[in-house]
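J.: Numbers in the numbering used here are just positions in the sequence shown, counted from 1, shifted up by 37. Below is a structure I'd like to ask you about.
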Amino acid sequence: MARNPALATRPDEVALAEYKQIKAEQVARINTRDNLVYVTLVAIAGTLTITHSAHSRGYLLLVPVVTWVLGWTYLANDHMITAIGRYVREHPGLPGMRWETDHPADKRRASRKTIQLAVDLVTFCGSGLAALTAFWLAPAPQPLLLVAAAAAEAIATGVLAWQFIAYAARGRAS
């Protein structure tokens, strides 16, 4: 049976199609990751508005939950963005684009990554810890269930901070 040469694809065409597809996924993840920062800031502002309006510091416990969920989603997307970049740089069949190797080799990349880690920690962990601190410093005694929830949130926020730091350290090693 004869094959139709028009249907045959060359390996470089397949590699280019894969490159385009994987870069489209990377761009979508970058957009999602970057928008999560804005969503987090809006969620924090909304929670603080509710807390102030209700005159109840118990609502402050929403901040660590929201920042943890959004922070974890941010971190997961950031991890995949890095993995895609590494795959493109190291996969021999994909077309070599100078941007893929020049950008990570930038001399100021390490300082930018350190500053980004600080921003991420403040946004996703520091805001939750600030809300927890305000909750704990409330003059009125809080129900035991809320105190237990606050303690669990503090531990979860610490785990998230640890994950941000671990991912940043792993990113510097590659």
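For glycine and all other residues, C-beta sits at the position ideal for the given N, C-alpha and C.
Which first and last residues belong to the alpha helix (DSSP H) in which Pro48 is found?
T.: Here the alpha helix (DSSP H) through Pro48 covers Pro48 to Ala91.
J.: By the DSSP assignment, the alpha helix (DSSP H) with Arg145 in it spans what residues?
T.: Segment: none, Arg145 is in no alpha helix (DSSP H) and carries neither H nor E.
J.: Quick one: residues in its chain with C-beta nearer than 7 Å to the C-beta of Val102, no 5 flanking neighbours on either side, listed in chain order?
T.: A distance below 7 Å between beta-carbons, with the five flanking residues on each side excluded, links Val102 to the following residues of its chain, in chain order: Glu190.
J.: Counting only the same chain and skipping the five closest in sequence on each side, list residues whose C-beta sits under 7 Å from that of Leu197.
T.: Trp105, Gly108, Trp109, Phe161 and Cys162, listed in sequence order.
J.: Do you know how far the Cα of Leu131 is from the Cα of Val51?
T.: Answer to the nearest angstrom: the Cα atoms are 9 Å apart.
J.: So, Asp139 versus Arg70, is the Cβ gap smaller than 7 Å?
T.: 7 Å or more divides the Cβ of Asp139 from the Cβ of Arg70.
J.: What do you reckon, are the CB atoms on Phe172 and Leu85 nearer than 7 Å?
T.: Result no, Cβ atoms of Phe172 and Leu85 do not sit closer than 7 Å.
J.: I believe Gln200 touches Ile118 by the beta-carbon criterion, under 8 Å. Please report the beta-carbon distance rounded to the nearest angstrom.
T.: Not confirmed; about 15 Å, so no contact.
J.: Roughly how many angstroms separate the alpha carbons of Val125 and Leu99, rounded to a whole number?
T.: Approximately 39 Å, taken between the alpha carbons.
J.: To the nearest angstrom, how far is it from the Cα of Ser93 to the Cα of Pro176?
T.: 11 Å
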